[in-house]
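Peer 1: Encoded as structure tokens, here's the structure I'll be asking about.
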Amino acid sequence: MIRIKSAREIQLMRRAGKITAAARALAGKMVAPGVTTLEIDRAVHDFIVSQGAVPTFLGYGGYPANLCISINDQVIHGIPDGNTVIREGDVVSIDVGATKDGYVGDCAATFIAGRAKDQEAEKLVSVTRQSFFEGIKFARQGFRISDIGSAIQQYVEANGFSVVREYVGHGVGREMHEEPEVPNFGRPGHGPRLVRGMVIAVEPMVNAGGWPVKVLKDGWTVVTQDGSLSAHYENTILITDGEPEILTVCEEQV
Ligand code: CO
15 MIRIKSAREI QLMRRAGKIT AAARALAGKM VAPGVTTLEI DRAVHDFIVS
65 QGAVPTFLGY GGYPANLCIS INDQVIHGIP DGNTVIREGD VVSIDVGATK
115 DGYVGDCAAT FIAGRAKDQE AEKLVSVTRQ SFFEGIKFAR QGFRISDIGS
165 AIQQYVEANG FSVVREYVGH GVGREMHEEP EVPNFGRPGH GPRLVRGMVI
215 AVEPMVNAGG WPVKVLKDGW TVVTQDGSLS AHYENTILIT DGEPEILTVC
265 EEQV
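Per our numbering, the sequence shown starts with residue 15, numbered consecutively.
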């Protein structure tokens, strides 16, 4: 069942979204050569707690950290640790969730540490981000869920990259993962019809090479099978009777 949010719930989700977006911006600013991913994890934890919120990912299905940091061929769910030092040119995807007053915000973005190694890395990051905005052109009442992913896939493939199939976006609310699933690929005109009051996370994961991925032995880290670079971009959005409202926003845009 897709849970439609009341006006009061939407107000709470705006607050959760703002904290989550600020946490993402803070993490993004810390992405630099020489920084360990654990340092970013600690800073994000402290920020979320300072806002009276809870890091949603910590303990979720046994996940051992406060956010996910996925570098280069890592797609999603990279676990921060004190031995992972960010290097010049690394493509660093940050994914963070915060729960405030019982409601979840979920967002991600990809940053390059220092100078990019090549133009392909820069293009991958900008195409991934833009694919989100291409997708949410269809996140409006009357369209259907698969219209979003269809637009994402078309844009990504027109730019020579591929969209990950095994992981998808999702509804968001009191739970991080609610119905419906929101794939980033497929044909238009399928899935539930969008109505105002739905809240969903749209989160394209884009590989420079092929779309197949695999999970490392740690049970979490998802990497590209061909070793190609990958990027991720995500916001939690509200379906309205007009343009979708991005809930994971704050002053510093990423
Ligand atoms: Co998500």
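Even for Gly, the Cβ is constructed at its ideal location relative to N, Cα and C.
Start and end of the alpha helix (DSSP H) containing Y169?
Peer 2: Residue 169 sits at position 155 when you count from the first residue of the sequence shown. Its alpha helix (DSSP H) spans residues 159-172.
Peer 1: Just reading off the beta strand (DSSP E) that A35 is part of, what are its end residues?
Peer 2: As a first step, residue 35 is located in the sequence shown; it is residue number 21 there, counting from the start. Premise fails: A35 lies in the alpha helix (DSSP H), 21-44, not in any beta strand (DSSP E).
Peer 1: Could you pull the DSSP bridge partners for T238 from this structure?
Peer 2: Counted from its first residue, the sequence shown places residue 238 at position 224. Looking at the DSSP assignment, T238 forms a beta bridge with V227.
Peer 1: Under the three-state reduction of DSSP, which class applies to R154: helix, strand or coil?
Peer 2: Counting from 1 along the sequence shown, the entry for residue 154 is found at position 140. Residue state, collapsed to three classes: coil.
Peer 1: Below 8 Å CB to CB, which residues in the same chain sit around A37 once its five sequence neighbours on both sides are set aside?
Peer 2: Taking the sequence shown and counting its residues from 1, the one referred to as residue 37 is at position 23. Closer than 8 Å at the Cβ level, and outside the excluded window around A37, lie V58, F61, I62, L81, V110, A112.
Peer 1: What did DSSP end up calling Y181 once you bin it into helix, strand or coil?
Peer 2: Here the question's residue 181 lines up with position 167 in the sequence shown. Correct three-state label for Y181: coil.
Peer 1: According to DSSP, what are the bridge partners of G119?
Peer 2: Translated into the one-based positions of the sequence shown, residue 119 becomes position 105. According to DSSP, which records beta bridges pairwise, G119 is partnered with A112.
Peer 1: Report yes if the C-beta distance between N221 and V182 is below 8 Å; otherwise report no.
Peer 2: Locating residue 221 in the sequence shown gives position 207, where the first residue counts as 1. Locating residue 182 in the sequence shown gives position 168, where the first residue counts as 1. No. Outside cutoff.
Peer 1: Taking just the CA atoms, how far does G205 sit from D161?
Peer 2: Residue mapping note: residue 161 aligns to position 147 of the sequence shown, counting from 1. Residue mapping note: residue 205 aligns to position 191 of the sequence shown, counting from 1. When rounded, the distance between both Cα atoms is 9 Å.
Peer 1: Identify whether L252 lies in helix, strand or coil by the three-state DSSP scheme.
Peer 2: Sequence index remark: in the sequence shown, residue 252 carries index 238 (1-based). Strand.
Peer 1: Enumerate in chain order the residues of its own chain whose CB-to-CB distance from R143 is below 6 Å, with the five nearest sequence positions on each side excluded.
Peer 2: Locating residue 143 in the sequence shown gives position 129, where the first residue counts as 1. Same-chain partners within the cutoff: Y247.
Peer 1: The beta strand (DSSP E) spanning V196 covers which residue range?
Peer 2: Your numbering for residue 196 matches position 182 in the sequence shown. That run of the beta strand (DSSP E) goes 192-196.
Peer 1: For V106, write down the residues that DSSP places opposite it in a beta bridge.
Peer 2: Along the sequence shown, read from residue 1 onward, the residue named residue 106 stands at position 92. V106 is bridged to I85, F125.
Peer 1: Sort G119, I150, I83, M190 by Cα distance to L26 and report the nearest one.
Peer 2: Within the sequence shown, residue 26 is the residue found at index 12, counting from 1. Put simply, of G119, I150, I83, M190 the residue whose alpha carbon is nearest the alpha carbon of L26 is G119.
Peer 1: Excluding the five sequence neighbours on either side, which residues of its own chain have a C-beta within less than 6 Å of the C-beta of A46, listed in chain order?
Peer 2: The sequence position of residue 46 within the sequence shown is 32, counting from 1. Taken in chain order, the residues that qualify are A127.
Peer 1: Under 8 Å: do the region 225-234 and the region 248-260 share three or more Cβ pairs, one atom per stretch?
Peer 2: no
Peer 1: Starting from I16, follow the beta strand (DSSP E) in both directions and report where the run begins and ends.
Peer 2: The residue given as residue 16 occupies position 2 in the sequence shown. It is not in any beta strand (DSSP E) - I16 carries neither H nor E in the DSSP assignment.
Peer 1: Taking Cβ positions, are D55 and A39 nearer each other than 8 Å?
Peer 2: The count along the sequence shown starts at 1 and reaches residue 55 at position 41. The count along the sequence shown starts at 1 and reaches residue 39 at position 25. Not in contact: D55 and A39 (Cβ atoms no closer than 8 Å).
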